[in-house]
Amino acid sequence: LKCRKRVLRRLGYASASDVIELKGRVSCEISAADELILTELLFSGSFNELSVEQATALMSCFIFDEKVKQTPTLPPELSAPYKNVQEMCRHVGQVVKECKLEMDVEAYVQSFKPDMMGVVFAWCKGAQFSQICKMTDVFEGSIIRCFRRLEEVLRQMAQASKVIGNEQLSEKFLTGITCIKRDIVFAASLYL
Numbered sequence: 034l035k036c037r038k039r040v041l042r043r044l045g046y047a048s049a050s051d052v053i054e055l056k057g058r059v060s061c062e063i064s065a066a067d068e069l070i071l072t073e074l075l076f077s078g079s080f081n082e083l084s085v086e087q088a089t090a091l092m093s094c095f096i097f098d099e100k101v102k103q104t105p106t107l108p109p110e111l112s113a114p115y116k117n118v119q120e121m122c123r124h125v126g127q128v129v130k131e132c133k134l135e136m137d138v139e140a141y142v143q144s145f146k147p148d149m150m151g152v153v154f155a156w157c158k159g160a161q162f163s164q165i166c167k168m169t170d171v172f173e174g175s176i177i178r179c180f181r182r183l184e185e186v187l188r189q190m191a192q193a194s195k196v197i198g199n200e201q202l203s204e205k206f207l208t209g210i211t212c213i214k215r216d217i218v219f220a221a222s223l224y225l
């Protein structure tokens, strides 16, 4: 517990007297994905310059954890933001190791998989469900589950953005929800 508190102090989530700081309050808004990395990305401004589609696609690497046979190559507009996530993971992982908690930093970095980023990006751009199914070897049900989890994370990120007072970023995440919430993916039942 002492080591975990040390991590939170080093990253600025709590003060030396264990009082929760703004970063700590923001991370409390996020529970559906890795709150430390997402909070660090929010505070570093990583989402500010991204388009709605890029930000939504980037969020998919925090929720998708299934194995795929072949990792697709990322388009240039997604590879730079994903590298930023990897750098942030290495930074947080290094802080965790310095605070004497056991962690395999590279395994931690690899746990954020970019396998659905291209699919989500295409979906946000208006692709049909049959088109995105051809882009990956992931089962259709897993794709739908990914989008539903993505909606939850985007909603939490919008709330976290409001906590820091960034209404534009909050609106970007809410727009991302409207981009993905269409067609068969969010149908109440597949047996219509």
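So the working numbering is basically just the index in the sequence shown, starting at one, shifted up by 33.
Virtual Cβ for every residue (Gly too), placed ideally from N, Cα, C.
Keep in mind that this is a model prediction, so the values were computed, not measured.
- Apart from the 5 residues on each side of it in sequence, C157 sits with its Cβ closer than 8 Å to the Cβ of V85, E86, T89, A90, G209, C212 and I213 in its chain, given in chain order.
- Annotated as distal: Q161 and V142, with beta-carbon spacing of 7 Å or more.
- Taken atom to atom, the span from the alpha-carbon of S144 to that of F76 is near 22 Å.
- Taken through DSSP and simplified to helix, strand or coil, A47 comes out as strand.
- DSSP places I63 in the coil class of the three-state scheme, outside both helix and strand.
- Put simply, of A140, S203 and T169 the residue whose alpha carbon is nearest the alpha carbon of M190 is S203.
- The shortest CA-to-CA distance from I177 to any of P147, A220 and V186 is the one to A220.
- Leaving aside the five residues that flank F97 on each side, the residues in its chain whose CB is nearer than 7 Å to its CB run, in chain order, K146, D148, M149 and C179.
- Under the three-state reduction of DSSP output, I176 falls in the helix class.
- If you draw a straight line from the Cα of K38 to the Cα of L111, it comes to about 34 Å.
- Measuring C-alpha to C-alpha distances from I217 to each of V186, R181 and V125 identifies R181 as the nearest.
- Per DSSP, I165 has no beta-bridge partner at all.
- In the three-state reduction of the DSSP assignment, I53 falls in the strand class.
- Annotated three-state conformation of P114 is helix, per DSSP.
- Following the DSSP letters along the chain, one finds V85 inside the alpha helix (DSSP H) bounded by residues V85 to M92.
- Residue burial annotation: S163 is exposed, with fewer than 16 other C-beta atoms found within 10 angstroms of its C-beta.
- Taking every protein chain shown into account, the CB of G151 has 16 or more other CB atoms within 10 angstroms, so this residue is buried.
- Excluding five sequence positions before and after H124, the CB atoms of its chain that fall closer than 8 Å to its own CB belong to E73, given in chain order.
- Remark: C-beta atoms of C122 and I70 approach each other more closely than 7 Å.
- Per DSSP, the continuous alpha helix (DSSP H) segment holding V153 begins and ends at M150 to C157.
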